[in-house]
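**Q** Pasting a structure below so you can have a look.
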Amino acid sequence: MSAAVDYLLHLADNALVLGQRNAEWCGHGPILEEDIALSNVSLDLIGQARLLYQLVATLKGGDCTEDKLAYFRDTHEFRNYTLLELPHHGPLSGYAQSSLEYGTTIVRNFLYSALMALLWEALEKSANADLAAIAAKSLKEVRYHLRHSRDWLVRLGDGTDESHARVQASLDHLFAYTQEFWAHSPAEAAAIAAGIGVDVTTLRADWDAIVDAALSEATLQRPAVSGYVTEGKQGIHSEHLGFLLAEMQSLARAHPNGVW
Amino acid sequence: MYTQSFNVPDSPGAKTVALAPSSEDPALQAAFDARIDADGRIEPQDWMPEAYRKTLVRQISQHAHSEIVGMLPEGNWISRAPSLKRKAILIAKVQDEGGHGLYLYSAAETLGTSRDQMLDGLHSGRAKYSSIFNYPTLTWADVGVIGWLVDGAAIMNQVPLCRCSYGPYARAMVRVCKEESFHQRQGYEALLVMMTGTAEQKAMVQDAVNRWWWKCLAMFGPPDADSPNSAQGMRWGIKRVSNDELRQKFVDATVPQAKVLGVTLPDPDLKWNEERQHYDYGQIDWAEFWETVNGNGPCNKERLATRVKAHNEGQWVREAALAHAAKKKAREMKDAA
Ligand SMILES: [Fe+2]
Ligand SMILES: [Fe+2]
Numbered sequence: 004m005s006a007a008v009d010y011l012l013h014l015a016d017n018a019l020v021l022g023q024r025n026a027e028w029c030g031h032g033p034i035l036e037e038d039i040a041l042s043n044v045s046l047d048l049i050g051q052a053r054l055l056y057q058l059v060a061t062l063k064g065g066d067c068t069e070d071k072l073a074y075f076r077d078t079h080e081f082r083n084y085t086l087l088e089l090p091h092h093g094p095l096s097g098y099a100q101s102s103l104e105y106g107t108t109i110v111r112n113f114l115y116s117a118l119m120a121l122l123w124e125a126l127e128k129s130a131n132a133d134l135a136a137i138a139a140k141s142l143k144e145v146r147y148h149l150r151h152s153r154d155w156l157v158r159l160g161d162g163t164d165e166s167h168a169r170v171q172a173s174l175d176h177l178f179a180y181t182q183e184f185w186a187h188s189p190a191e192a193a194a195i196a197a198g199i200g201v202d203v204t205t206l207r208a209d210w211d212a213i214v215d216a217a218l219s220e221a222t223l224q225r226p227a228v229s230g231y232v233t234e235g236k237q238g239i240h241s242e243h244l245g246f247l248l249a250e251m252q253s254l255a256r257a258h259p260n261g262v263w
Numbered sequence: 174m175y176t177q178s179f180n181v182p183d184s185p186g187a188k189t190v191a192l193a194p195s196s197e198d199p200a201l202q203a204a205f206d207a208r209i210d211a212d213g214r215i216e217p218q219d220w221m222p223e224a225y226r227k228t229l230v231r232q233i234s235q236h237a238h239s240e241i242v243g244m245l246p247e248g249n250w251i252s253r254a255p256s257l258k259r260k261a262i263l264i265a266k267v268q269d270e271g272g273h274g275l276y277l278y279s280a281a282e283t284l285g286t287s288r289d290q291m292l293d294g295l296h297s298g299r300a301k302y303s304s305i306f307n308y309p310t311l312t313w314a315d316v317g318v319i320g321w322l323v324d325g326a327a328i329m330n331q332v333p334l335c336r337c338s339y340g341p342y343a344r345a346m347v348r349v350c351k352e353e354s355f356h357q358r359q360g361y362e363a364l365l366v367m368m369t370g371t372a373e374q375k376a377m378v379q380d381a382v383n384r385w386w387w388k389c390l391a392m393f394g395p396p397d398a399d400s401p402n403s404a405q406g407m408r409w410g411i412k413r414v415s416n417d418e419l420r421q422k423f424v425d426a427t428v429p430q431a432k433v434l435g436v437t438l439p440d441p442d443l444k445w446n447e448e449r450q451h452y453d454y455g456q457i458d459w460a461e462f463w464e465t466v467n468g469n470g471p472c473n474k475e476r477l478a479t480r481v482k483a484h485n486e487g488q489w490v491r492e493a494a495l496a497h498a499a500k501k502k503a504r505e506m507k508d509a510a
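For the protein sequence lines, the chains are A and B, in the order given.
Under the numbering used here, the first residue of the first sequence is numbered 4, with each subsequent residue one higher.
Under the numbering used here, the first residue of the second sequence is numbered 174, with each subsequent residue one higher.
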């Protein structure tokens, strides 16, 4: 059971953290249609997170709820990829501030959606029937997210000189974080052994193909990556997740007995 | 959401609509008048007096701007929503408001004014938007109270607009009103739940009601006696019910809801008048209202600057989309040749 819980939390935290980030655009998009589109992506991701947390709560039993999992776990207990918690701008220390950079949002949504389009499809065959059902629903959503982010990646890459330079910089910033996709955590290894999870490394060639085709259409260069592999899915995060959670959890924690 | 705005001339230098009959083609004018008198619809391709067109562009674009600026006060709480369910409901609501902005900009575009022109009016400070969004959202309870009272007041204002003489606006309002009444129910329900919670939660709800009640009454616009544009609006079938009538309707509907919720409306003069068969209510602070409409409220500068920032910082994205579309078209033409 614990293997399932850890693995489900990884999937759920991915969805929640990226959903929280995408919602930051609500009211601030570059064009009204994109406010609406990114809110849609955010709603889908939060919906996925809720289903996964509800499943975890059922497995854990007791008084566990989706909101206890989202609001009352600390930073080191979150299991999301580090990529997903980064702010929408270039590399900066945790307490440094900058404007939202649309290219960063698009590149991140693209890299993650490309993975999840493959992973959810594989998880439709999970030995855990509940997870398989969530995967089937999420697959439809992530295919839309992939199309949306890929279309914009191409527009920005093949747009103006400025947009090309900006989105290439976003890609250079974020690409190294995808190394974490391919390094198994103990939770993933256990879930794979139990037949619940999927061995992500088997999806790598397909992911490369999706990414390379899009980058070529966008006239962007795939960055070479090496060096530090992030470990967010093992609870070791960037400086940014603490701030994200501090904000997200503040109200719920200020009223631990509140009903909403 | 929508408010008093069509009683408010854009500034500076905007003129109120002339009440004098048009000097345009008398036969066309007569046909237009007959259509209006028969409660018929005016469609984009139909002839219409210039003043009617201008009034509609102003009203619909102010309405659209209100939807867009209105995303900001509630958007302020998305990141901190206290449960995942409420977070999802709030994102969906704010997204709906963006959708309302889109339909309304499209409806106004049928009158020959582009979205860019309208946005330029907003960003330069010439065009007004609903002044209710110039107040801050200080606690989570504000989100519920805005749904209940602000969306509630908006519905009162907008339901009559579903019968507006201009077809595209009337049709947009049908869809918008359905969603606004959903927002109103959700807001009220969120408050009902909070009122079953802790003492702090109940106090939070009461505090939010105290701060928003009077602002919501002012949303219906100045008293009828002080509303110079209303008569022409009524004549044109753009405005159907007067400000004071709508305000009374809102008060009468809201008092029993407040009772069920268990909050006090902050007006010592609020009481049932047996003779009038309506609730009496106290004096609205119109000086404060006009200060806020005219740019000197608590958040006017923040709201406008935030819209301008988003627009300016999105410039390169919009340019990229246009440049890519042009390149793609050129390539297709080259391939076809
Ligand atoms: Fe609205
Ligand atoms: Fe609304």
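Glycine is no exception: its CB is placed at the ideal position from the N, C-alpha and C atoms.
Computed from a predicted structure; not experimentally measured.
According to DSSP, simplified to helix, strand and coil, what is residue 446 of chain B?
**A** Locating residue 446 of chain B in the second sequence gives position 273, counting from the first residue. Three-state result, residue 446 of chain B: strand.
**Q** For residue 408 of chain B, which option in B:206, B:200, B:199, B:197 has the closest C-alpha, if you only look at C-alpha atoms?
**A** On the second sequence, residue 408 of chain B is found 235 positions in, with the first residue counted as 1. Residue B:206 is the option with its Cα nearest to residue 408 of chain B.
**Q** Residue 78 of chain A: buried (16+ other C-beta within 10 angstroms of its C-beta) or exposed?
**A** Residue 78 of chain A sits at position 75 when you count from the first residue of the first sequence. Residue 78 of chain A comes out buried.
**Q** Using a threshold of 7 Å, is the CB atom of residue 238 of chain B nearer than that to any non-hydrogen atom of ligand 1?
**A** Within the second sequence, residue 238 of chain B is the residue found at index 65, counting from 1. Because no heavy atom of ligand 1 lies under 7 Å away, the Cβ of residue 238 of chain B does not count as near it: no.
**Q** Residue 242 of chain B: beta carbon under 7 Å from a heavy atom of ligand 1?
**A** Residue numbering aside, residue 242 of chain B sits at position 69 when the second sequence is read from its first letter. Flag unset: Cβ of residue 242 of chain B not near ligand 1.
**Q** Output the boundary residues of the alpha helix (DSSP H) element that contains residue 13 of chain A.
**A** By 1-based counting over the first sequence, the position of residue 13 of chain A is 10. Element bounds for residue 13 of chain A: 5 to 26.
**Q** Does chain B have any CB closer than 8 Å to the CB of residue 251 of chain A?
**A** Counting from one through the first sequence, the residue named residue 251 of chain A turns up at place 248. Yes, residue 251 of chain A lies at the interface with chain B (some Cβ there is under 8 Å from its Cβ).
**Q** Would residue 157 of chain A pass as an interface residue toward chain B - the criterion being a Cβ-Cβ separation below 8 Å?
**A** Taking the first sequence and counting its residues from 1, the one referred to as residue 157 of chain A is at position 154. Taking Cβ atoms only, chain B reaches closer than 8 Å to residue 157 of chain A, which makes this a yes.
**Q** Where do the ends of the alpha helix (DSSP H) carrying residue 240 of chain A lie?
**A** Walking along the first sequence from the start, residue 240 of chain A turns up at place 237. Taken as a continuous stretch (DSSP letters only), residue 240 of chain A belongs to no alpha helix (DSSP H), as it is neither H nor E.
**Q** Which residues in chain A sit within 8 Å of residue 275 of chain B, going by Cβ to Cβ distance?
**A** Locating residue 275 of chain B in the second sequence gives position 102, where the first residue counts as 1. Per Cβ cutoff of 8 Å: 35, 36, 39.
**Q** Compute the distance between the beta-carbons of residue 544 of chain B and residue 388 of chain B, then report whether it is under 8 Å.
**A** In the structure as shown, chain B starts at 174 and stops at 510, and residue 544 of chain B therefore has no counterpart that could be examined.
**Q** Comparing the CB of residue 247 of chain B with every heavy atom of ligand 1, is any distance shorter than 7 Å?
**A** For the purposes of this step, residue 247 of chain B is taken as residue 74 along the second sequence, with counting starting at 1. Result no, Cβ not under 7 Å from ligand 1.
**Q** Using beta carbons (cut-off 8 Å, strictly below), is residue 46 of chain A in contact with chain B?
**A** Stepping through the first sequence from its first residue, residue 46 of chain A is reached at position 43. True, the Cβ-Cβ gap to chain B drops below 8 Å.
**Q** Below 6 Å CB to CB, which residues in the same chain sit around residue 141 of chain A once its five sequence neighbours on both sides are set aside?
**A** Here residue 141 of chain A refers to the residue found at position 138 of the first sequence. Only 51, 123 meet the Cβ criterion.
**Q** For the region 98 to 112 of chain A against the region 485 to 492 of chain B, do three or more pairs of beta-carbon atoms, one drawn from each stretch, fall closer than 8 Å, so that the two count as touching?
**A** A contact exists between the region 98 to 112 of chain A and the region 485 to 492 of chain B.
**Q** Could you check the C-alpha separation between residue 178 of chain B and residue 224 of chain A for me, to the nearest Å?
**A** As a first step, residue 178 of chain B is located in the second sequence; it is residue number 5 there, counting from the start. As a first step, residue 224 of chain A is located in the first sequence; it is residue number 221 there, counting from the start. With a pLDDT of only 42 at residue 178 of chain B, under 50, the local geometry of the prediction cannot be trusted, and the value read off the model is given with reservation. Their Cα atoms are separated by approximately 50 Å.
**Q** Let me know if residue 191 of chain B comes out buried or exposed under the rule of 16 or more other beta-carbons within 10 Å of its beta-carbon.
**A** In the second sequence, the residue the question calls residue 191 of chain B occupies position 18. Any reading at residue 191 of chain B must be qualified, since the residue scores a pLDDT of 43, below 50, and its modelled position is unreliable; the value itself is stated next. Exposed, by the Cβ-count rule.
**Q** Is any non-hydrogen atom of ligand 1 found closer than 7 Å to the C-beta of residue 349 of chain B, if you look at the structure I gave you?
**A** Reading the second sequence from its first residue, position 176 is the one you call residue 349 of chain B. Checking the Cβ of residue 349 of chain B against ligand 1 gives yes.
**Q** What number of angstroms, rounded off, separates the C-alpha of residue 121 of chain A from the C-alpha of residue 214 of chain B?
**A** Within the first sequence, numbered from 1, the residue matching residue 121 of chain A stands at position 118. Within the second sequence, numbered from 1, the residue matching residue 214 of chain B stands at position 41. Taking the straight line from one Cα to the other gives about 52 Å.
**Q** Just verifying my parser: in three-state terms, what is the DSSP assignment at residue 497 of chain B?
**A** As a working mapping, residue 497 of chain B is identified with position 324 in the second sequence. If DSSP states are grouped into helix, strand and coil, residue 497 of chain B belongs with the helices.
**Q** For a test of the three-state rule: what should DSSP assign to residue 451 of chain B, helix, strand or coil?
**A** Along the second sequence, read from residue 1 onward, the residue named residue 451 of chain B stands at position 278. In the structure shown, residue 451 of chain B sits in a strand (DSSP, three-state: E or B).
**Q** Going by alpha carbons, who is nearest to residue 460 of chain B out of B:383, B:453, B:470?
**A** Counting from one through the second sequence, the residue named residue 460 of chain B turns up at place 287. Residue 460 of chain B has its Cα closest to that of B:470, out of B:383, B:453, B:470.
**Q** Looking at the C-beta of residue 309 of chain B, does it have a partner C-beta in chain A at a distance below 8 Å?
**A** Within the second sequence, the letter at position 136 stands for residue 309 of chain B. Closer than 8 Å: no.
**Q** Whole angstroms is fine: what's the gap from residue 293 of chain B's alpha carbon to residue 96 of chain A's?
**A** Counted from its first residue, the second sequence places residue 293 of chain B at position 120. Counted from its first residue, the first sequence places residue 96 of chain A at position 93. Each residue's alpha carbon lies about 36 Å from the other.
**Q** Nearest CA to the CA of residue 58 of chain A: which residue from A:114, A:263, A:10, A:187?
**A** Counting from one through the first sequence, the residue named residue 58 of chain A turns up at place 55. It is A:10 whose Cα lies nearest to the Cα of residue 58 of chain A.
**Q** DSSP three-state call for residue 127 of chain A: helix, strand or coil?
**A** Here residue 127 of chain A is taken as the residue at index 124 of the first sequence, counted from 1. Three-state result, residue 127 of chain A: coil.
**Q** What are the partner residues of residue 339 of chain B, as DSSP defines its beta bridges?
**A** Numbered from 1 along the second sequence, position 166 holds the residue referred to as residue 339 of chain B. Answer by DSSP bridge pairing, in chain order: B:215.
**Q** Measure the C-alpha to C-alpha separation of residue 334 of chain B and residue 446 of chain B and round it to an integer number of angstroms.
**A** For this step, residue 334 of chain B is matched to residue 161 along the second sequence. For this step, residue 446 of chain B is matched to residue 273 along the second sequence. Roughly 29 Å separates the two Cα atoms.
**Q** Quick test of the definition: if touching needs 3 or more C-beta pairs under 8 Å, does the region 161 to 171 of chain A touch the region 230 to 244 of chain A?
**A** Result no; under three Cβ-Cβ pairs closer than 8 Å.
**Q** Can you look up residue 434 of chain B in the DSSP assignment and give me helix, strand or coil?
**A** Indexing the second sequence from 1 puts residue 434 of chain B at position 261. Here residue 434 of chain B sits in helix by DSSP.
**Q** Can the beta-carbon of residue 493 of chain B be found closer than 8 Å to that of residue 159 of chain A?
**A** Here residue 493 of chain B corresponds to residue number 320 of the second sequence, with the count starting at 1. Here residue 159 of chain A corresponds to residue number 156 of the first sequence, with the count starting at 1. Yes, the pair counts as a contact, with Cβ atoms nearer than the cut-off.
**Q** Taking C-beta pairs closer than 8 Å, name the residues in chain B that residue 82 of chain A reaches, listed in chain order.
**A** One-based indexing of the first sequence puts residue 82 of chain A at position 79. In chain order: nothing, as chain B lies at least about 17 Å away.
**Q** With a 10 Å radius around its C-beta and 16 neighbouring C-beta atoms as the bar for buried, classify residue 498 of chain B as buried or exposed.
**A** As a position in the second sequence, residue 498 of chain B is number 325, starting the count at 1. Its Cβ having fewer than 16 others within 10 Å, residue 498 of chain B is exposed.
**Q** What span of residues does the alpha helix (DSSP H) with residue 479 of chain B cover, start to end?
**A** Here residue 479 of chain B refers to the residue found at position 306 when the second sequence is read from its first residue. Residue 479 of chain B -> alpha helix (DSSP H) spans 473 to 486.
**Q** Counting only C-beta atoms, is residue 245 of chain B closer than 8 Å to chain A at any point?
**A** For the purposes of this step, residue 245 of chain B is identified with residue 72 of the second sequence, where counting begins at 1. Interface residue, yes.
**Q** Under the three-state reduction of DSSP, which class applies to residue 179 of chain B: helix, strand or coil?
**A** Locating residue 179 of chain B in the second sequence gives position 6, counting from the first residue. At residue 179 of chain B the pLDDT is 43, less than 50, meaning the model places this residue with poor confidence; the figure from the coordinates comes in the next sentence. Here residue 179 of chain B sits in helix by DSSP.
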